[in-house]
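Trainee: For the sequence shown, the residue numbers in this note's numbering are 1 to 227.
Ideal placement from N, C-alpha and C gives every residue a C-beta, glycine not left out.
A quick note: this is a predicted structure, and the numbers were derived from the prediction, not measured.
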Amino acid sequence: MAKVHEKLKGIPDSLCERVVADIYDLHFASSKEVYDEQMKIVLEKWSREGQLVGFRSYFNNIWMKSEFWRWQCFHTPSGDATTNNPVEQFNRLIMCDYTLRTKHKIGTLLQLLANCCGHQSVTPRTFKDQPDASQQLKARVKDFHQRDLLQDMTPKRTSIEFLLVSPNPDVVRVLSRGCHRVYLPELGRSREVAPVSAQMGSNYARMETKGQPEGGWSVDVTAMSCG
């Protein structure tokens, strides 16, 4: 998103926030059909803003028509990274520990990369092939539990609904009440009323409740998926 913010320089903050929110909505589209429909709405909305003419052209050429257009979540299996952050983190390791952020001749570079491969192959880290909740997510769930912001909506065994829906024992229904945000004048933006370790950006936090069914999200505790 760094390039997006760079291209939005000079645009009023309120309009920038709406554009960024639109991009996050597109990123989190649940399917190609939903994405295509949302894209039509977003582009039509941006076309009504004279200040976004240049940005709309940039977004269309780079985000929609270039070879790097598969940035939507529905292309990624549940539990996997939905951005290139892991790649950037590993790239930082190479630059900081091996190339030292300097250019090298091809022979030297290949030796440095070979050293990197050798070191990484013997690290004690275990390769994970199953989704794993991040520390931030664990802290957030703990905080939400303590403040009663998560409600278990799973039908009780004694209820008529339990008999009617024949629920999967691995699936629970969780209703999220979301996290309250307050505006901080000294920062010029809002922040969640939550411990720092449990805070999320406004656009990520929106997705916790956007489109949430009346009975809460259906969470498969075995597959570690939510929908």
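For Trp-46, is the classification buried or exposed, using 16 other Cβ atoms within 10 angstroms of its Cβ as the cut-off for buried?
Mentor: What you label residue 46 is simply residue 46 of the sequence shown in a count that begins at 1. By the 10 Å Cβ count, Trp-46 comes out buried.
Trainee: Got a sec, what are the start and stop residues for the beta strand (DSSP E) Glu-192 sits in?
Mentor: Numbered from its first residue, the sequence shown carries residue 192 at position 192. From DSSP, the beta strand (DSSP E) with Glu-192 extends over 189-192.
Trainee: How should Val-19 be labelled, buried or exposed, when 16 other C-beta atoms within 10 angstroms of its C-beta is the threshold for buried?
Mentor: Residue numbering aside, residue 19 sits at position 19 when the sequence shown is read from its first letter. Buried.
Trainee: Taking 8 Å as the threshold (C-beta atoms), are Leu-43 and Gln-72 in contact?
Mentor: As a working mapping, residue 72 is identified with position 72 in the sequence shown. As a working mapping, residue 43 is identified with position 43 in the sequence shown. Not closer than 8 Å, so no.
Trainee: Give every residue of the same chain whose Cβ lies closer than 8 Å to the Cβ of Thr-76, excluding the five residues on either side of it in the sequence, and list them in chain order.
Mentor: Walking along the sequence shown from the start, residue 76 turns up at place 76. Contacts found: Thr-82.
Trainee: Just to confirm, are Ser-197 and Arg-181 a CB contact at a threshold of 8 Å?
Mentor: Walking along the sequence shown from the start, residue 197 turns up at place 197. Walking along the sequence shown from the start, residue 181 turns up at place 181. No, they are not a contact pair.
Trainee: Would you kindly work out how many angstroms separate the C-alpha atoms of Ile-11 and Ala-223, rounded to a whole number?
Mentor: Along the sequence shown, read from residue 1 onward, the residue named residue 11 stands at position 11. Along the sequence shown, read from residue 1 onward, the residue named residue 223 stands at position 223. Rounded to the nearest angstrom, the two C-alpha atoms are 43 Å apart.
Trainee: On the CB-based measure, 16 or more other CB atoms within 10 Å of its CB, does Arg-140 come out buried or exposed?
Mentor: Here residue 140 corresponds to residue number 140 of the sequence shown, with the count starting at 1. Under this definition Arg-140 is a buried residue.
Trainee: Run the CB neighbour count on Tyr-183, radius 10 Å, all protein chains shown included, and call it buried at 16 or more, exposed below.
Mentor: Start at 1 with the first residue of the sequence shown, and residue 183 comes out as number 183. Residue environment: Tyr-183 is assigned as exposed (fewer than 16 neighbouring CB atoms within 10 Å of its CB, all protein chains considered).
Trainee: Tell me the DSSP secondary structure of Gln-199 in three-state form.
Mentor: Residue mapping note: residue 199 aligns to position 199 of the sequence shown, counting from 1. Reduced to three states, the DSSP call for Gln-199 is coil.
Trainee: When the Cα atoms are used, what is the spatial distance from Ser-14 to Asn-91?
Mentor: Residue numbering aside, residue 14 sits at position 14 when the sequence shown is read from its first letter. Residue numbering aside, residue 91 sits at position 91 when the sequence shown is read from its first letter. Looking at the two C-alpha atoms, the distance is approximately 34 Å.
Trainee: According to DSSP, is Gln-130 helix, strand or coil?
Mentor: For the purposes of this step, residue 130 is identified with residue 130 of the sequence shown, where counting begins at 1. DSSP places Gln-130 in coil when its eight states are reduced to three.
Trainee: Start and end of the alpha helix (DSSP H) containing Val-141?
Mentor: For this step, residue 141 is matched to residue 141 along the sequence shown. That run of the alpha helix (DSSP H) goes 135-146.
Trainee: Could you pull out every residue in the same chain whose Cβ sits closer than 6 Å to the Cβ of Thr-154, ignoring the five residues on either side in sequence?
Mentor: As a first step, residue 154 must be located in the sequence shown, where it is residue number 154. Spatial neighbours of Thr-154 in its own chain (CB-CB distance under 6 Å, excluding positions within 5 residues in sequence) are listed in chain order as Val-172 and Arg-173.
Trainee: At what residues does the beta strand (DSSP E) containing Ser-176 begin and finish?
Mentor: Taking the sequence shown and counting its residues from 1, one reaches residue 176 at position 176. Where Ser-176 is concerned, the enclosing beta strand (DSSP E) stretches over 171-176.
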